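Down below is the structure, laid out as structure tokens.
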Amino acid sequence: MLRRIVQACVRRGLALALTTTRWKVEMDAASRSLLLDPAGSGVLVAFWHEALMLAPTLWWWTEPRNPLLRLRVLISRNRDGRMIAGVVAPWRIPALHGSSDRKGKNKGGAVALRRLRASLEQGDVVAIMPDGPKGPRREVQAGALALAELTGAPIIPVGVACSGVRAGSWDRMIVPRPFGRGRLVCGPPLVVARGRRDEMRAQLTAGLNKAMAESGRRLPDADYDERLAPMRPPGISGQQDARTATVGRALGCVWAAIASLIAPGLIVMLRRRVARGKELPARLRERIGLGDGVARPPGSLVWIHAASVGETVSVLPVIRALLACVWGEASDAPNVLITTGTVTGFKTLAAALPDEIATGRVVHQFVPLDVPRWVNRFLKRWRPQALVLTESELWPNMVECCRRLAVPVMVVNGRMSARALAGWRRAPDLAAWTLSPMRWIAARAEEDAARFRVLGAPGVVMAGDLKFAAEPLGFDAALLERLRLIVGERPVWLAASTHEGEEAAIFAAAAALRDRYPDLLTIIAPRHPERGAAVAALAARVLPPPIRHDLGLAPRRSQGQWPDASDPVWVADTLGELGVLFRLSRVVFMGNSLFETPEGRGRHGPARKGGGHNPLEPARLGCAIATGPAIGNFAATYARLGEAITVVDSVDALSLWLGPLLADAGHAWTAGDAARQAADFDKALPERLARRIYETMAEETPMQVGA
21 MLRRIVQACV RRGLALALTT TRWKVEMDAA SRSLLLDPAG SGVLVAFWHE
71 ALMLAPTLWW WTEPRNPLLR LRVLISRNRD GRMIAGVVAP WRIPALHGSS
121 DRKGKNKGGA VALRRLRASL EQGDVVAIMP DGPKGPRREV QAGALALAEL
171 TGAPIIPVGV ACSGVRAGSW DRMIVPRPFG RGRLVCGPPL VVARGRRDEM
221 RAQLTAGLNK AMAESGRRLP DADYDERLAP MRPPGISGQQ DARTATVGRA
271 LGCVWAAIAS LIAPGLIVML RRRVARGKEL PARLRERIGL GDGVARPPGS
321 LVWIHAASVG ETVSVLPVIR ALLACVWGEA SDAPNVLITT GTVTGFKTLA
371 AALPDEIATG RVVHQFVPLD VPRWVNRFLK RWRPQALVLT ESELWPNMVE
421 CCRRLAVPVM VVNGRMSARA LAGWRRAPDL AAWTLSPMRW IAARAEEDAA
471 RFRVLGAPGV VMAGDLKFAA EPLGFDAALL ERLRLIVGER PVWLAASTHE
521 GEEAAIFAAA AALRDRYPDL LTIIAPRHPE RGAAVAALAA RVLPPPIRHD
571 LGLAPRRSQG QWPDASDPVW VADTLGELGV LFRLSRVVFM GNSLFETPEG
621 RGRHGPARKG GGHNPLEPAR LGCAIATGPA IGNFAATYAR LGEAITVVDS
671 VDALSLWLGP LLADAGHAWT AGDAARQAAD FDKALPERLA RRIYETMAEE
721 TPMQVGA
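Next comes the structure, spelled out in structure tokens:
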């Protein structure tokens, strides 16, 4: 009993330290492939013994990304070993007990060797400490090499370090502290050839030392972008313990009560949004679940919720596939009710599907705020057969109301950022309760799927990113022709979706190129058009005159002003015209990514602003693309585009990238064609998702609610 109490205390303390630490995970490509292989190929993972307390982090990172992974860890069979095994067992880390036999003493080494060999032959991942259990420190013992030679399993050297203290033990064990920073580094795998143990001993020692040295090197605070935690078993009913379900349900009730209490304040907020032009006055009642003058279309109806422009553009191909119903009879195709949270999202939908809206196949409503009675009112009015959420739109009351009415809930293009994961983990039982009704979640990338699984979401698959399957942005042909006549033969480039804090660097890069290209035109499209005046004023300060509009400001699209031959900058401060601008200029810098001035300083260095914007829109139109380094929100997308994207981290780097593209149109076309080919990926994804939505609707029979 005492040992169990001690184990529980140690486990809670270790979990607190490791889960509150922010991590940077770095993987050799070959090692990553071995760890994430769902078929399993038998791999040895080696840590120095000093990293024993940090070793669970590798499992916490790997398991959500490869749920089929089976892990075994070799732990000595002495009292300390049994204590450690009890600590990690609830994290689904089973132990094999044994250590190298020494001086004629049987320490279980032979039995452990046979068990480890069997595990590796079954495709398991086996973690070993080659200098344990008693040292000497950082000296590889024969057992690990013998096992690798016998089985042919590769050895992945791992280094892991974090904020903490060093114990006075023989191995100087790292004891982590809460709320620190840590790095997990996996080096390239090693294979022990027969008869070459001595040579491989030196290589493994060097690999482990290199990984440990790299893991101990400090990085800027913003680079520590991972939160690691034990993965919850998926679902709640019958699979998670009763406490999780009870606490999650209680927290859901608290959330619902708070939302109901603040409902009057939300109405005041909506009226203020009307005054700022962010809501349509005639349709404000839709935000509380009411809708006047719009009838429910007959037949089956699927509710799709897309927060704003980006989500709407992503889900449009799925809507078209649902309406076409190419896998069945056209008469079986459901109608679509789509909700958005912004006016710009509605305008995007209206421009993309005018005929479908006119015929009633597609109905738009503004989404009700997450207040139970407003959501229930909405559901009773529209009676959908299913709810499809896009990306990160997870609202507890919305999901709970659907649960009670037996409306199946699905997620397409599921996105879960590291920041969102950290927020949900502050209330993990509420997260598990909210996610438990999901029939399935089609995540856009491996990292997103892993984060959903960490929270206990059921039915998570990595389906792919709908943004890769989206159609090219629409455009106004007359406007494009007018701009081409205005620009003429001038060299031109576009800085798209820029944010405050990076525009000075963009203008500085343009100014640096004005000597070589005196007629260079820089078009800047701020992400938030209301900043147009400020951007125009900044342009006038950074770039040389002449500036002829509005008392010294650069010309602005929103004011009906057009650039003439003497204007170095044109501010495109409107919405919905990037399709024109990406066709006008084939050289594009994507904003919200280049911040030379830190937003703040963390414990270990400067923290970056940013997160990036979707590069697929210009890539799909054949633009040569650059971005700054702060692209965390679209890291997977940029990784998929690979070498078709250039990352610049300074004014000089941006101007060096621009120079050759402005000088040689052929070079710009070649770079743009590479981006277009990389973006043309998995065109069948929308149809696959639409078919799965249709099949899920057919399987379910939601409770009939009032007309």
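Residue numbers for the sequence shown follow the working numbering, beginning at 21 and rising by one. Just so you know, even glycine gets a beta-carbon here, dropped at the ideal spot from N, CA and C. Values in this document were obtained by computation on a predicted structure and should not be read as measured data.
- Excluding the 5 residues flanking it on each side, Arg471 has same chain C-beta neighbours closer than 6 Å at Met436 and Leu441, in chain order.
- Counting only runs that start and end inside the stretch 438 to 524, the beta strand (DSSP E) elements of at least 3 residues fall at 458 to 463, 480 to 482 and 512 to 518.
- Ranked by Cα distance from Glu509, the options Leu541, Phe527 and Glu523 are led by Leu541.
- Annotation note: the stretch 139 to 178 contains the following uninterrupted beta strand (DSSP E) runs of length 3 or greater, listed N- to C-terminal: 145 to 148.
- Secondary structure of Trp79 (DSSP, three-state): helix.
- Sixteen is the threshold: when 16 or more other Cβ atoms of the shown chains lie within 10 Å of the Cβ of Ser605, as they do, the residue is buried.
- Of all alpha-carbon atoms in Val562, Glu523 and Val555, the one lying nearest the alpha-carbon of Arg577 is that of Val555.
- Per the coordinates, the alpha-carbon of Ala279 lies some 27 Å from the alpha-carbon of Val314.
- A check of alpha carbon separations from Arg534 across Ala447, Ser675 and Pro448 identifies Ser675 as the nearest.
- Boundaries for Leu414: no beta strand (DSSP E) harbours it, and the DSSP string shows neither H nor E there.
- Counted as a single uninterrupted DSSP element, the alpha helix (DSSP H) harbouring Ala372 occupies residues Val363 to Ala372.
- It is roughly 16 Å from the alpha-carbon of Val607 to the alpha-carbon of Val591.
- Put simply, the backbone Cα of Arg696 is about 40 Å away from that of Glu306.
- Take the alpha-carbon of Thr716 and the one of Ala560: they are about 56 Å apart.
- Assignment of Thr41 by DSSP, reduced to helix, strand and coil, places it in the coil class.
- Annotation: the continuous alpha helix (DSSP H) that includes Met289 extends over Ala283 to Ala295.
- Distance from the CA of Ala277 to the CA of Asn417, rounded to the nearest whole angstrom, comes to 10 Å.
- For Arg237, the secondary structure class from DSSP, reduced to helix, strand or coil, is coil.
- Taking the CA atoms as reference points, Met251 sits about 22 Å from Trp415.
- A check of alpha carbon separations from Leu228 across Arg192, Glu159 and Ile526 identifies Glu159 as the nearest.
- In the structure shown, the three-state DSSP call for Trp677 is helix.
- The Cβ-Cβ distance between Gly297 and Ser328 does not fall below 8 Å.
- Looking only at Glu83, Pro492, Asp587 and Leu300, the smallest Cα-Cα distance to Tyr537 is reached by Asp587.
- Between Ala164 and Ile148, the C-beta spacing is below 8 Å.
- Counted as a single uninterrupted DSSP element, the beta strand (DSSP E) harbouring Gly434 occupies residues Val429 to Gly434.
- Under DSSP, Trp590 shares a beta bridge with Ile543.
- The closest CA to that of Ala162, considering only Gly202, Ile194 and Glu219, is found on Glu219.
- Inclusion of Leu598 and Glu550 in the CB contact set at 8 Å is not warranted, their separation being larger than that value.
- Straight across, the Cα-Cα distance linking Ala463 with Ala28 is about 34 Å.
- According to the DSSP assignment, Asn612 belongs to no beta strand (DSSP E), since it is labelled neither H nor E.
- Under the DSSP assignment, His687 falls outside any beta strand (DSSP E), being part of the alpha helix (DSSP H) whose first and last residues are Ala685 to Ala699.
- In this structure, Glu522 places its C-beta atom within 8 Å of the C-beta atom of Leu614.
- Rounded to whole angstroms, Ala231 and Thr225 show a C-alpha spacing of 10 Å.
- Within the DSSP bridge table, the entry for Gly202 names Trp43 and Cys182 as partners.
- DSSP places Ala559 in the uninterrupted alpha helix (DSSP H) bounded by Gly552 to Val562.
- Out of Asp468, Arg237, Val63 and Arg473, the CA that lies nearest to the CA of Ala451 is found in Arg473.
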